[in-house]
Amino acid sequence: MAAAYSSSKAGVIALTKAIGKDVAGSGILVNSVAPAVIDTPILGQIAGEHIEYMTSRIPLGRMGEADEVAALICWLASEDMSFSTGACFDISGGRAVY
49 MAAAYSSSKA
59 GVIALTKAIG
69 KDVAGSGILV
79 NSVAPAVIDT
89 PILGQIAGEH
99 IEYMTSRIPL
109 GRMGEADEVA
119 ALICWLASED
129 MSFSTGACFD
139 ISGGRAVY
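So, in structure tokens, the structure goes:
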């Protein structure tokens, strides 16, 4: 029963790809990040058994950590990342969630 959630995530990915192409060559890079379950305070709003279910579907067998996602975002915002636009970067422990 996650149609709205999944549809909105797909919309963000499509928007990323479209805008990335639209502004290509302008010096603006447009990319998105698609995390799986990340250990953050928002998980306090979710039942423990649901968190266990989501985590059990991650091939690496654990939740992601906020600092792992932050490291990816820092790299995406750095000058080291200069040849990617319109991409969706998966950080899901092997479980693509889009």
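In terms of the working numbering, the sequence shown opens at residue 49 and continues consecutively. Quick reminder that beta carbons are idealized off the backbone N, C-alpha and C, glycines included. These figures come from a predicted structure and were not determined experimentally.
Buried or exposed: which applies to S132, given that a residue is buried once 16 or more other Cβ atoms fall within 10 Å of its Cβ? exposed
Out of G134, S56, G109, R110, which has the shortest C-alpha to C-alpha gap to G68? G134
Complete runs of the alpha helix (DSSP H) confined to the segment 63-129 [at least 4 residues]: 96-104, 114-124
Reducing DSSP to helix, strand and coil, say where A135 ends up. strand
Taking DSSP as the reference, what is the three-state secondary structure of V58? Here residue 58 is Ala; the residue named in the question, Val, does not match the sequence. The answer is helix: DSSP assigns A58 an H, G or I state.
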